[in-house]
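Scroll down for the structure; my scribbles are underneath it.
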Amino acid sequence: MAKLYYFDGRGRGEIVRLALAAADIPFEEELLRKRDDFLKLVDEGRLLFHQIPLLEIDGKNIVQVNAIVHYIAKKAGLYGKNLDEEVLIDQYYEGARDFMFAFLPIGFAPEKDVLEGPAKKALSKYLPIFEKIASENGSGFLVGKTLSMADVSLLEVLLTAVEYLGIEVLEPYPAVHKLYNGVSSIKQIAAFLKGPQRKRKNDERYVGDVKHILQWE
């Protein structure tokens, strides 16, 4: 079984969890709570760049979020049907990652400051772009007629935006709203979102764990 090593929180590990769920790949987790847990992985040579998340899968130790997600996508057929689709998926996946980064400081910075600052700016920039993409594609997905990792990447941002700002944030964007409803309702994704491996919002415990383990001031 695949095994994910990360903090007990969302952060940069949640897209990996969502990707595994979308791929219908069962996984277990080792949630790091102490610096010694992290240093043990470093000492064992399992963290190539001394960073987490780390995914154990198919006898491999894979680090770097995008490398992990791309491996999962390729393994599960979530990377399009040809090179033309792949390059679109890559662009939309990366665009949604940039979109998501606007929300990641929540917990490390005051929630209100993040939502009224970088998150608000990102919403006004990225939602119209993804609305155009989804509307022109017309299938309920960003690329082609089936789920891809681009949809999963965007879903993470939309889930976060709706959680903090309410579903009304999507109302001006009907194609994005349709994608949100459709992708979040896919059986294995819906099960993950309702299950114990879906992590809570960033809170003081998660922020404290990150700062302690990584020795952030």
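In my numbering, the protein residues as written are 20 to 236. For glycine and all other residues, C-beta sits at the position ideal for the given N, C-alpha and C. In this text, all values refer to a predicted model and were calculated from it rather than measured experimentally.
Assuming contact is defined by CB atoms lying nearer than 7 Å, are residue i and residue j in contact in what I supplied?
i: S172; j: Y112; result: yes
i: V82; j: L60; result: no
i: L123; j: V162; result: no
i: A141; j: V195; result: no
i: L74; j: L23; result: yes
i: G78; j: K218; result: no
i: L50; j: F57; result: no
i: V229; j: F26; result: yes
Going by beta carbon distance, what residues of the same chain come within less than 8 Å of residue i, once the five residues before and after it are set aside?
i: L174; result: L37, L198, Y199, V202, S203 and I208
i: F30; result: The question names Phe, but residue 30 is Gly in the sequence shown. Excluding sequence neighbours, G30 sits near L123, N221, Y225 and V229.
i: E190; result: H196
Given that a residue counts as buried once 16 or more other Cβ atoms are within 10 Å of its Cβ, and exposed if not, what is residue i?
i: P45; result: exposed
i: P155; result: Before going on, a small fix: residue 155 reads as Glu here, not Pro. Answer is exposed; the Cβ neighbour count stays below 16.
i: G185; result: exposed
i: E33; result: buried
i: S143; result: exposed
i: D170; result: buried
i: S167; result: buried
From what residue to what residue does the beta strand (DSSP E) around residue i run?
i: K79; result: K79 to V82
i: F46; result: F46 to L51
I'd like the list of long-range same chain contacts for residue i, defined as Cβ closer than 7 Å, with 5 residues on each side in sequence excluded.
i: L212; result: S203
i: A42; result: I91, K94, A95 and L97
i: R116; result: S172
i: G126; result: N221, D222, Y225 and V226
List the endpoints of the continuous alpha helix (DSSP H) containing residue i.
i: L60; result: R54 to D62
i: L97; result: From DSSP, L97 is part of no alpha helix (DSSP H); its letter is neither H nor E.
i: I76; result: No alpha helix (DSSP H) holds I76; the beta strand (DSSP E) holding it covers L73 to I76.
Closer than 6 Å by C-beta to residue i: which residues in its own chain qualify, once you throw out the five before and the five after it? Chain order, please.
i: E48; result: L23
- request: Decide yes or no for the touch test of the region 144 to 159 against the region 206 to 220: beta carbon pairs closer than 8 Å, at least 3 of them.
  value: no
query: Just checking, does the region 117 to 133 make contact with the region 85 to 99 on the three C-beta pairs under 8 Å criterion?
result: no
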